[in-house]
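Just below is one structure, and these are the notes that go with it.
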Amino acid sequence: MEFKSLIKNEDSVWTFEHNIAGKSMMKNLFIPEYGILDHIFIGGGLEWHVFIRVIPNGQGSTTTWTFIRHDGLNDNQFEEQLENFDIEIIKWKKALEDSK
25 MEFKSLIKNE DSVWTFEHNI AGKSMMKNLF IPEYGILDHI FIGGGLEWHV
75 FIRVIPNGQG STTTWTFIRH DGLNDNQFEE QLENFDIEII KWKKALEDSK
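Under my numbering, think of the first position of the sequence shown as 25, with each following residue one higher.
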């Protein structure tokens, strides 16, 4: 997954050009004190809620992502989206490390 033309709007909604979905938006639903990094991805005709939790584990933290297949995706399309997950995780990790 690659984002191009990333712009943060005043209402904390990011707009960008997604390499698969085209013009897209992401609204953060972060509650850092509870380890919640949820967001809503809007693009390609979908509004997809992504649930992310960060849990302390004694040596740092563990991050869990819960993906629920959107009604607008068939099983094959959902699997295709998940194939891009590794790339997205690498970018999330870099963003979190850069924010320290």
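We put the beta carbon where it would ideally sit given N, CA and C, even for glycine. A quick note: this is a predicted structure, and the numbers were derived from the prediction, not measured.
- Counting every other CB atom within 10 Å of its CB across the protein chains shown gives Gln105 a total of 16 or more, marking it as buried.
- Relative to the Cα of Met50, the nearest Cα in the group Tyr58, Pro56, His63 and Glu57 belongs to His63.
- Out of Gly96, Gly82, Asp95 and Ile76, the CA that lies nearest to the CA of Thr88 is found in Ile76.
- Taking a C-beta distance under 9 Å as the contact criterion, Gly84 and Gly67 do not qualify as a contact pair.
- For Leu61, the number of other beta carbons within 10 angstroms of its own is at least 16, and it is reported as buried.
- When C-alpha distances from His42 are compared across Leu70, Leu53 and Gly96, the shortest belongs to Leu70.
- At least 9 Å separates the beta-carbon of Asn52 from that of Trp72.
- Distance from the CA of Glu112 to the CA of Ala119, rounded to the nearest whole angstrom, comes to 11 Å.
- Within the same chain, no residue comes within 6 Å of Phe91 by CB-CB distance, once the 5 residues on both sides are set aside.
- Going by DSSP, Leu61 is part of no alpha helix (DSSP H) but of the beta strand (DSSP E) stretching over Ile60 to Gly67.
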